[in-house]
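From first to last, the protein sequence lines are chains A and B. All residue numbers for the first sequence refer to this note's numbering, where the first residue is 16 and numbers rise by one. All residue numbers for the second sequence refer to this note's numbering, where the first residue is 9 and numbers rise by one. All residues carry an ideal CB built from backbone N, CA and C; glycine is no exception.
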Amino acid sequence: MKKTPRWTLRLVAACISFAGFVQGVQAVPLVSTEQVAASQGVPDAAAQRAQVEATLARADVAAALQERGVELAQVRSRVAALTDAEIAQLAHTLDTAPAGAADVIGVLVFIFVLLLVTDILGLTKVFPFTRSVR
Amino acid sequence: MRRRAALALPAALLGGGCALQTEALRRTPPGGLAPQVELASTPFFAQTEYHCGPAALATVLGAAGLRVAPVQLADEVFLPARSGTLQLEMVAGARRHGAVATRLPARLEALLRELQAGHPVVVLQNLGLSWVPLWHYAVAVGYDLGEGTVLLRSGTTERAVMALRTFEHTWVRAGSWAFVALPPGRWPATADEAAVVEAAVGFERVAPRAAAVAYRTALERFPVNLSLLIGLGNTLYASGDKSGAADAFAAATRAHPDSAPAWINLATTLAELGQRDAARAAAQRAVAVAGTDWATQAAALQRELQPGR
Numbered sequence: 016m017k018k019t020p021r022w023t024l025r026l027v028a029a030c031i032s033f034a035g036f037v038q039g040v041q042a043v044p045l046v047s048t049e050q051v052a053a054s055q056g057v058p059d060a061a062a063q064r065a066q067v068e069a070t071l072a073r074a075d076v077a078a079a080l081q082e083r084g085v086e087l088a089q090v091r092s093r094v095a096a097l098t099d100a101e102i103a104q105l106a107h108t109l110d111t112a113p114a115g116a117a118d119v120i121g122v123l124v125f126i127f128v129l130l131l132v133t134d135i136l137g138l139t140k141v142f143p144f145t146r147s148v149r
Numbered sequence: 009m010r011r012r013a014a015l016a017l018p019a020a021l022l023g024g025g026c027a028l029q030t031e032a033l034r035r036t037p038p039g040g041l042a043p044q045v046e047l048a049s050t051p052f053f054a055q056t057e058y059h060c061g062p063a064a065l066a067t068v069l070g071a072a073g074l075r076v077a078p079v080q081l082a083d084e085v086f087l088p089a090r091s092g093t094l095q096l097e098m099v100a101g102a103r104r105h106g107a108v109a110t111r112l113p114a115r116l117e118a119l120l121r122e123l124q125a126g127h128p129v130v131v132l133q134n135l136g137l138s139w140v141p142l143w144h145y146a147v148a149v150g151y152d153l154g155e156g157t158v159l160l161r162s163g164t165t166e167r168a169v170m171a172l173r174t175f176e177h178t179w180v181r182a183g184s185w186a187f188v189a190l191p192p193g194r195w196p197a198t199a200d201e202a203a204v205v206e207a208a209v210g211f212e213r214v215a216p217r218a219a220a221v222a223y224r225t226a227l228e229r230f231p232v233n234l235s236l237l238i239g240l241g242n243t244l245y246a247s248g249d250k251s252g253a254a255d256a257f258a259a260a261t262r263a264h265p266d267s268a269p270a271w272i273n274l275a276t277t278l279a280e281l282g283q284r285d286a287a288r289a290a291a292q293r294a295v296a297v298a299g300t301d302w303a304t305q306a307a308a309l310q311r312e313l314q315p316g317r
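Structure (structure tokens):
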């Protein structure tokens, strides 16, 4: 193994001690506005999860799923199993769809029904709990 | 076949309905709403293929006194892979050029009132059907309740006249999505508190110092909103005005004595101003009101401010 040059070590040591020095100026950083806004109800992971669940609780969504032969309970358990990060990703998909942030049903039905159905048909593999009919 | 059916399903759920808002507005115009408005001086940028987003954005930025060419905006907000522009990026694109972009309530009346206040409105329309969407951004610049029309800068048409009921259909089909972009310090007439907070916080992300004026003016409308009070303090702090920041954080603690972030930021700022005793007292309050979310930070702050350190 090649030996690390001494000047590199000195540089690293200098950087570390300087970082420590800078940190000492403000030991506790200010709480950012975004953090405060998040605690004030600007959408965070928990709110996004609630939004997805509330949409699943809608009668029209339930009917749409049932018509496709998809059990609502199955979708619910899938959503319950998603981590905050995955929920955020899902909510992000809802947000960044060209439209429909306000009325997400079209996008949700697309995600849960179309992808679920194609999963069942074995065309894609997005939802791990679906079984292919083929 | 099943795939087809799945695609058609949302259409069955979303389709139908009539232009209820238009009918109500024309039958009994709400008090104070002008019968006819046209913001004739709004600039126009004819769009090139698929570039309705950048063109609409350049239009409202131009109206706000910020001259930006659609070509430049296209580089920033256009997604070639999707042949379009995402809504989030429209809002972020406005911010990047120094305008505060604020979502409007999803009501046609709010849109018209905004026009009456002199603010052109970016709207998203679905010109297709709900299952064969054809998304389009345009800028509403006027309306005529008597004629039942809305005026748009749209596509390659400088003054597109559209029946208000048709517009309502296409707009509602796209989620009733609309926003106004204004220079910091001015706010849409109809925006609600949550939309104002969202817009100000978003603006702070790209302009941590210039956002102070946005917070200050937003507080005139919503004087006790915690996020706005903290935002004013943080932006003043970022611009080097620590005594102004301390005043803002102190106001936040008066309006929200149970807010740990307000006490934490006040204590930190007072300590940096050399007011150690006042800072210690604030840190003590922070520890007292900190729930699980802020306990670690409040305790660290209190340790830092202990006498003899």
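Would you say residue i and residue j are within 8 Å of each other, going by their C-beta atoms?
{"i": "residue 260(B)", "j": "residue 270(B)", "result": "yes"}
{"i": "residue 48(B)", "j": "residue 74(B)", "result": "no"}
{"i": "residue 275(B)", "j": "residue 287(B)", "result": "yes"}
{"i": "residue 198(B)", "j": "residue 111(B)", "result": "no"}
{"i": "residue 196(B)", "j": "residue 209(B)", "result": "no"}
{"i": "residue 262(B)", "j": "residue 240(B)", "result": "no"}
{"i": "residue 130(B)", "j": "residue 98(B)", "result": "yes"}
{"i": "residue 192(B)", "j": "residue 219(B)", "result": "yes"}
{"i": "residue 119(B)", "j": "residue 30(B)", "result": "no"}
{"i": "residue 266(B)", "j": "residue 54(A)", "result": "no"}
{"i": "residue 264(B)", "j": "residue 234(B)", "result": "yes"}
{"i": "residue 154(B)", "j": "residue 123(B)", "result": "no"}
{"i": "residue 173(B)", "j": "residue 50(B)", "result": "no"}
{"i": "residue 51(A)", "j": "residue 238(B)", "result": "yes"}
Would you mind sorting residue i into buried or exposed? The rule is 16 or more other CB atoms within 10 Å of its CB.
{"i": "residue 103(B)", "result": "buried"}
{"i": "residue 67(B)", "result": "buried"}
{"i": "residue 28(B)", "result": "exposed"}
{"i": "residue 57(B)", "result": "exposed"}
{"i": "residue 82(B)", "result": "buried"}
{"i": "residue 226(B)", "result": "buried"}
{"i": "residue 80(B)", "result": "exposed"}
{"i": "residue 36(B)", "result": "exposed"}
{"i": "residue 109(B)", "result": "buried"}
{"i": "residue 284(B)", "result": "exposed"}
{"i": "residue 169(B)", "result": "exposed"}
{"i": "residue 232(B)", "result": "exposed"}
{"i": "residue 70(B)", "result": "buried"}
Going along chain B, which residues have a C-beta under 7 Å from residue i?
{"i": "residue 45(A)", "result": "242, 245, 273, 276"}
{"i": "residue 52(A)", "result": "205, 209, 235"}
{"i": "residue 49(A)", "result": "209"}
Please work out which residues of its chain come closer than 6 Å, Cβ to Cβ, to residue i, disregarding the five sequence neighbours upstream and downstream, and give them in chain order.
{"i": "residue 142(B)", "result": "135, 136"}
{"i": "residue 247(B)", "result": "217"}
{"i": "residue 298(B)", "result": "268, 306"}
{"i": "residue 182(B)", "result": "132, 133, 134"}
{"i": "residue 184(B)", "result": "114"}
Run through chain A and tell me which residues come within less than 7 Å of residue i, C-beta to C-beta.
{"i": "residue 51(B)", "result": "Per Cβ cutoff of 7 Å: no residues; residue 51(B) is ~25 Å from chain A at best."}
{"i": "residue 80(B)", "result": "Within chain A, no residue comes near residue 80(B); the closest Cβ sits about 22 Å away, beyond 7 Å."}
{"i": "residue 46(B)", "result": "Per Cβ cutoff of 7 Å: no residues; residue 46(B) is ~27 Å from chain A at best."}
{"i": "residue 239(B)", "result": "48"}
{"i": "residue 212(B)", "result": "48"}
Please go through the same chain and pick out, in chain order, the residues whose beta-carbon is closer than 7 Å to the beta-carbon of residue i, but skip the five residues on each side of it.
{"i": "residue 230(B)", "result": "201, 204, 236"}
{"i": "residue 101(B)", "result": "65, 81, 84, 85"}
{"i": "residue 163(B)", "result": "55, 60"}
{"i": "residue 309(B)", "result": "272, 275, 276, 291, 294"}
{"i": "residue 243(B)", "result": "212, 216, 217, 219, 220, 223"}
{"i": "residue 177(B)", "result": "27"}
{"i": "residue 45(B)", "result": "123, 124, 150, 151"}
{"i": "residue 279(B)", "result": "287, 313"}
Put residue i into one of helix, strand or coil per three-state DSSP.
{"i": "residue 115(B)", "result": "coil"}
{"i": "residue 175(B)", "result": "helix"}
{"i": "residue 98(A)", "result": "Reliability fails at residue 98(A), whose pLDDT of 49 lies under 50, so the model's placement of it is uncertain and the value that follows must be treated cautiously. Coil at residue 98(A), not helix or strand."}
{"i": "residue 160(B)", "result": "strand"}
{"i": "residue 46(B)", "result": "strand"}
{"i": "residue 58(B)", "result": "coil"}
{"i": "residue 83(B)", "result": "helix"}
{"i": "residue 124(B)", "result": "helix"}
{"i": "residue 281(B)", "result": "coil"}
{"i": "residue 195(B)", "result": "coil"}
{"i": "residue 152(B)", "result": "strand"}
{"i": "residue 243(B)", "result": "helix"}
Excluding the 5 residues flanking residue i on each side, which residues of the same chain have their C-beta closer than 8 Å to its C-beta?
{"i": "residue 24(B)", "result": "With a pLDDT of 40 at residue 24(B), under the threshold of 50, the predicted position of this residue should be treated as unreliable, though the coordinate-derived value follows. Excluding sequence neighbours, residue 24(B) sits near nothing in its chain."}
{"i": "residue 166(B)", "result": "52, 54"}
{"i": "residue 156(B)", "result": "30, 34, 171, 172, 173"}
For a contact meaning CB atoms closer than 8 Å, what does residue i contact in chain A?
{"i": "residue 269(B)", "result": "46, 50, 51, 54"}
{"i": "residue 301(B)", "result": "54"}
{"i": "residue 228(B)", "result": "Correct list: empty, because the minimum Cβ distance to chain A is about 18 Å."}
For a contact defined as C-beta to C-beta under 9 Å, what are the partners of residue i on chain A?
{"i": "residue 305(B)", "result": "43, 44, 46"}
{"i": "residue 176(B)", "result": "The premise fails here: residue 176(B) is roughly 14 Å from chain A at the closest Cβ pair, so nothing lies under 9 Å."}
Going along the chain, which residues of the region 187–209 of chain B sit with their C-beta nearer than 7 Å to a C-beta in chain E?
-> Checking the listed chains, one finds no chain E in this structure; the protein chains it contains are A and B.
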